[in-house]
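Remarks on the structure that follows.
Numbering (full-length UniProt numbering), first residue to last: 1 to 527.
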């Protein structure tokens, strides 16, 4: 019975994989149901209650549920593509099942397991309705209702001792409700990096199985056992939140540089620096640059007329640029997390240490570095908020003393706005005000629903508890005008929820705007 369970599991894997791959490659699929005979059309008013109840399961979801849309155009597309999809999916099933079969060869006197025939038939699946779900994340969620009454030709041959046993799958029928998530949305064609397919509930699967010409499904109790095994196999693989993920774009193509931790830097001293002043001395100071990050610049104090200065000053994620006495860089791969390491570095003119022209001695600098990566659970979000709000929630929170203190990175993503409209012009941009810093997005010309998708970073020494971030949406006339700017709305966002939850992703109604809404995602991460 153990081998039979495994064999049924393989059939279930093949069924699930075929549907998953089909959805993954073409996002959603369409088909025509198998009919035994042409039905006789009858008006609904001629049907009694029992007859109406009998036909309800066969009515497409786009008829019963207003959230689902009719997609006849997609049916036609998949029907035309089905001969090619059939071959592509079957090739994937063969490659996926070969190692499974190989595990049993040599056991239980089995000499070989192979497909004699493998085809999904001529009848494609059918989508009875398609629902598009909106989220606040950079993703697109589709929920089609899929039915497939197919005529597959799947024959598996089992060579056992001198016997050749054929197992045939017949009369396959499947009803399932997958959730297809295209994520993340990126500005590289086809504009999403991965297709994730999961099942919202256990699918209804019905089929016959013929062994040596006889229908073994007629054996009492076996049909229920097979149904249970197939559903359990599919559920273990694909029931939400588990998913079959199909990569579409190479990860390197869509990689986004994101902060991964905090670099604690102690600038200790420098030795034998170059003489840059006329009087034969220098006024040195140090700036540190974390490559690839656009964070505010900080620097050490200036040591007047000193070629061997000592600072002993500590910083976090410092960036900058100036007329250099010399420079150096340290790859983070040389650092063990949470371990302080001292480096005594020769100062260079630039980072190309192999430049044959860079032979001049520029002195040395001594620094202590400690890399603290962000915690894996930092920024965890219990759930996104889909509604609009003007003020923060009034739910009870843990006390401030229970919140993890210390340095961290506040990331503010201005995604876009809706229904923002000025009296004289409509070229919106967003301005972010926080702790004396002002940052702004690009301007979108002639737009009421601008999309910015711009992120700003703030390195903070402590959590921004009981602080607010102020965001304004402005419009600017592109030509010359005495009244070139116009205020379209603003919002103040309390950051206490961000610190406690790690992240918020919400749409806010704009104050001083009739219908304007701004979409903001804020994240707080600590090491």
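We put the beta carbon where it would ideally sit given N, CA and C, even for glycine.
Pairwise C-alpha distance: residue 506 and residue 443: Position 443 of the chain shown, counted from the start, is the residue given in the question as residue 443. Position 506 of the chain shown, counted from the start, is the residue given in the question as residue 506. In this structure, the straight-line span from the alpha carbon of residue 443 to that of residue 506 is close to 22 Å.
Residue 186 and residue 193: beta carbons closer than 8 Å? Taking the chain shown and counting its residues from 1, one reaches residue 186 at position 186. Taking the chain shown and counting its residues from 1, one reaches residue 193 at position 193. At a Cβ-Cβ threshold of 8 Å, residue 186 and residue 193 count as neighbours.
Identified DSSP bridge partners for residue 438: Taking the first residue of the chain shown as position 1, residue 438 is located at position 438. Bridge partners of residue 438: 433.
Residues bridged to residue 206 [DSSP beta-bridge criterion]: Sequence index remark: in the chain shown, residue 206 carries index 206 (1-based). Answer is 173, bridged to residue 206.
Tell me where the alpha helix (DSSP H) around residue 81 begins and ends. Taking the chain shown and counting its residues from 1, one reaches residue 81 at position 81. For residue 81, the uninterrupted alpha helix (DSSP H) run begins and ends at 72-102, by DSSP.
Per DSSP, what kind of secondary structure is residue 506 in: helix, strand or coil? The residue labelled residue 506 in the question sits at position 506 within the chain shown. Three-state result, residue 506: strand.
Nearest-angstrom Cα separation, counted from residue 110 out to residue 102: Along the chain shown, read from residue 1 onward, the residue named residue 102 stands at position 102. Along the chain shown, read from residue 1 onward, the residue named residue 110 stands at position 110. One alpha carbon belongs to residue 102, the other to residue 110, and they sit about 10 Å apart.
Is it true that the CB of residue 432 sits closer than 8 Å to the CB of residue 412? For the purposes of this step, residue 412 is taken as residue 412 along the chain shown, with counting starting at 1. For the purposes of this step, residue 432 is taken as residue 432 along the chain shown, with counting starting at 1. Residue 432 sits close to residue 412, with the two beta carbons spaced by under 8 Å.
For residue 439, tell me which candidate among 189, 448, 446 and 429 has the shortest Cα-Cα distance. Taking the first residue of the chain shown as position 1, residue 439 is located at position 439. Closest by alpha carbon: 429.
Range covered by the alpha helix (DSSP H) that runs through residue 236: Translated into positions along the chain shown, residue 236 becomes position 236. Per DSSP, residue 236 belongs to the alpha helix (DSSP H) from 222-238.
Considering residue 500, what are the terminal residues of the alpha helix (DSSP H) in which it resides? Within the chain shown, numbered from 1, the residue matching residue 500 stands at position 500. For residue 500, the enclosing alpha helix (DSSP H) stretches over residues 496-501.
Taking the CB atoms as reference points, tell me whether residue 373 and residue 337 lie closer together than 8 Å. For the purposes of this step, residue 373 is identified with residue 373 of the chain shown, where counting begins at 1. For the purposes of this step, residue 337 is identified with residue 337 of the chain shown, where counting begins at 1. Here residue 373 is near residue 337, since their CB atoms are less than 8 Å apart.
Measuring only the C-alpha atoms, how far is residue 132 from residue 93? Taking the first residue of the chain shown as 1, we reach residue 132 at position 132. Taking the first residue of the chain shown as 1, we reach residue 93 at position 93. Approximately 29 Å between the Cα atoms of the pair.
Starting from residue 53, trace the alpha helix (DSSP H) in both directions and tell me its first and last residue. Reading the chain shown from its first residue, position 53 is the one you call residue 53. Unbroken alpha helix (DSSP H) run through residue 53: 49-55.
When you compare only the Cα positions, how much space is there between residue 28 and residue 436? What you label residue 28 is simply residue 28 of the chain shown in a count that begins at 1. What you label residue 436 is simply residue 436 of the chain shown in a count that begins at 1. In this prediction, residue 28 has a pLDDT of 36, which is less than 50 and means its spatial position is unreliable; nothing more can be read from the coordinates.
Got a sec? Which residues, its chain only, sit under 7 Å from residue 468 by beta carbon, not counting five neighbours each side? Within the chain shown, residue 468 is the residue found at index 468, counting from 1. Closer than 7 Å at the Cβ level, and outside the excluded window around residue 468, lie 492, 493, 494 and 495.
With DSSP as the reference, label residue 310 as helix, strand or coil. Position 310 of the chain shown, counted from the first residue, corresponds to residue 310. Strand at residue 310.
Residue 249 versus residue 182: straight-line alpha-carbon distance, rounded: Numbered from 1 along the chain shown, position 249 holds the residue referred to as residue 249. Numbered from 1 along the chain shown, position 182 holds the residue referred to as residue 182. Cα-Cα distance, rounded: 11 Å.
Residue range of the unbroken beta strand (DSSP E) whose run includes residue 525: One-based indexing of the chain shown puts residue 525 at position 525. 517-526 is the span of the beta strand (DSSP E), which, as asked, contains residue 525.
Quick one: grab the DSSP three-state call for residue 63. If you number the chain shown from 1, residue 63 lands on position 63. Residue 63 falls in the helix class under three-state DSSP.
Here's the rule: buried if 16 or more other CB atoms are within 10 angstroms of the residue's CB, otherwise exposed. What is residue 510? Mapped onto the chain shown, residue 510 falls at position 510. By the 16-neighbour rule on beta-carbons within 10 angstroms, residue 510 is buried.
Judging by CA-CA distance, which residue of 137, 152 and 160 is the nearest neighbour of residue 122? For the purposes of this step, residue 122 is taken as residue 122 along the chain shown, with counting starting at 1. Comparing Cα-Cα distances from residue 122 to each of 137, 152 and 160, the minimum goes to 152.
I'd like the span of the beta strand (DSSP E) that includes residue 298, first residue to last. As a working note, residue 298 is residue 298 in the chain shown. Note, residue 298: premise wrong, no beta strand (DSSP E); not H, not E.
Own chain partners of residue 157 with C-beta closer than 6 Å, once the 5 adjacent residues on each side are dropped: Counting from one through the chain shown, the residue named residue 157 turns up at place 157. Excluding positions up to five away in sequence, the list reads 114, 116 and 166.
What residues are listed by DSSP as bridge partners for residue 458? If you number the chain shown from 1, residue 458 lands on position 458. For residue 458, the beta-bridge partners assigned by DSSP are 410.
What residue from 514, 315 and 441 has the CA that sits closest to residue 407's CA? As a first step, residue 407 must be located in the chain shown, where it is residue number 407. Selection 514, 315 and 441 evaluated against residue 407 yields 315 as nearest (Cα-Cα).
Just how far apart, CA to CA, sit residue 119 and residue 53? For this step, residue 119 is matched to residue 119 along the chain shown. For this step, residue 53 is matched to residue 53 along the chain shown. Residue 119 and residue 53 have their C-alpha atoms spaced approximately 35 Å apart.
Round the Cβ separation of residue 96 and residue 105 to the nearest angstrom and send it over; I've been treating them as touching at under 8 Å. Mapped onto the chain shown, residue 96 falls at position 96. Mapped onto the chain shown, residue 105 falls at position 105. Incorrect: roughly 16 Å between the Cβ atoms, too far for contact.
Would you mind sorting residue 434 into buried or exposed? The rule is 16 or more other CB atoms within 10 Å of its CB. Translated into positions along the chain shown, residue 434 becomes position 434. Its Cβ being crowded by 16 or more others within 10 Å, residue 434 is buried.
Can you grab the Cα-Cα spacing for the pair residue 60 / residue 204, in whole Å? Working through the chain shown from its first residue, we reach residue 60 at position 60. Working through the chain shown from its first residue, we reach residue 204 at position 204. For residue 60 and residue 204, the distance between alpha carbons rounds to 16 Å.
If I'm right that residue 499 touches residue 464 with Cβ under 8 Å, what's the distance once you round it to whole angstroms? If you number the chain shown from 1, residue 499 lands on position 499. If you number the chain shown from 1, residue 464 lands on position 464. About 6 Å; that satisfies the 8 Å criterion.
Give me the Cβ distance between residue 311 and residue 269, rounded to the nearest whole Å; I'm assuming they're in contact under 8 Å. As a first step, residue 311 must be located in the chain shown, where it is residue number 311. As a first step, residue 269 must be located in the chain shown, where it is residue number 269. Taking a contact as a CB-CB distance under 8 Å, the pair residue 311 and residue 269 counts as one, their CB atoms being some 7 Å apart.
With which residues is residue 165 paired in a DSSP beta bridge? As a working mapping, residue 165 is identified with position 165 in the chain shown. Under the DSSP definition of a beta bridge, residue 165 partners with 158.
Check whether the region 264-281 touches the region 219-235, taking contact to mean three or more Cβ pairs, one atom from each stretch, closer than 8 Å. No, the region 264-281 does not touch the region 219-235.
Could you tell me the alpha carbon to alpha carbon distance between residue 200 and residue 242, rounded to whole angstroms? Stepping through the chain shown from its first residue, residue 200 is reached at position 200. Stepping through the chain shown from its first residue, residue 242 is reached at position 242. Computed Cα separation, rounded: 10 Å.
Which class does residue 365 belong to by DSSP, given the choice of helix, strand or coil? Position 365 of the chain shown, counted from the start, is the residue given in the question as residue 365. Three-state result, residue 365: strand.
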